[in-house]
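A.B. asks: Residue numbering for the sequence shown follows my numbering, beginning at 28 and increasing consecutively.
The beta carbon of each residue, even a glycine, is placed where N, CA and C say it ideally should be.
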Amino acid sequence: MIRPAQDLSTRCLWLSNLDILHEINLTPTVYLYKPGNHPHSFVAKVLMDALSKVLVPFYPVAGRLRRDDNGRLEINCNNEGVLFIEAETDSEIDDLGDLMLNQEISQLIPSVDYSQGISSNPLFGAQEEKV
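Here it is as structure tokens:
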């Protein structure tokens, strides 16, 4: 988990009426870039540091969803952090085709365990894949 770069006070924020109308699920987005001249470990470190810094002004993203005493969804801004995964694949970018959701792309997306309840999953996750 990547936590905010600074300790932040905890609080709860209600979701808007519009936000609570939508089903809670994973929205996968995949961005692919050709590898540069930097070592894999350097790229991962830069991404983790940047993510930690951006979580300071965008602190709700480092929290978890939960239900208040009345059952309304809210964000528990508890600084638990966001998911960051370093992974490696034998696939080549050209193997992924036109980037439509297919078997190769699906293997790059981490699965989410919804059985533990909404409070157990981070609100954001990133995966840096060495290709």
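Which residues mark the beginning and the end of the beta strand (DSSP E) in which Leu100 is found?
C.D. replies: Taking the sequence shown and counting its residues from 1, one reaches residue 100 at position 73. Leu100 to Cys104 is the span of the beta strand (DSSP E), which, as asked, contains Leu100.
A.B. asks: Do you know how far the Cα of Asp95 is from the Cα of Tyr86?
C.D. replies: Position 59 of the sequence shown, counted from the first residue, corresponds to residue 86. Position 68 of the sequence shown, counted from the first residue, corresponds to residue 95. Approximately 19 Å between the Cα atoms of the pair.
A.B. asks: Flag this pair as yes or no: are the beta carbons of Glu155 and Glu119 separated by less than 9 Å?
C.D. replies: Against the sequence shown, residue 155 aligns to sequence position 128. Against the sequence shown, residue 119 aligns to sequence position 92. No; because the gap between Cβ atoms is not below 9 Å, this pair is not in contact.
A.B. asks: What do you reckon, are the CB atoms on Phe111 and Leu78 nearer than 9 Å?
C.D. replies: By 1-based counting over the sequence shown, the position of residue 111 is 84. By 1-based counting over the sequence shown, the position of residue 78 is 51. Contact flag set, yes.
A.B. asks: Identify the residues that DSSP records as bridge partners of Glu113: which are they?
C.D. replies: Here residue 113 corresponds to residue number 86 of the sequence shown, with the count starting at 1. In DSSP, Glu113 forms a bridge with Glu155.
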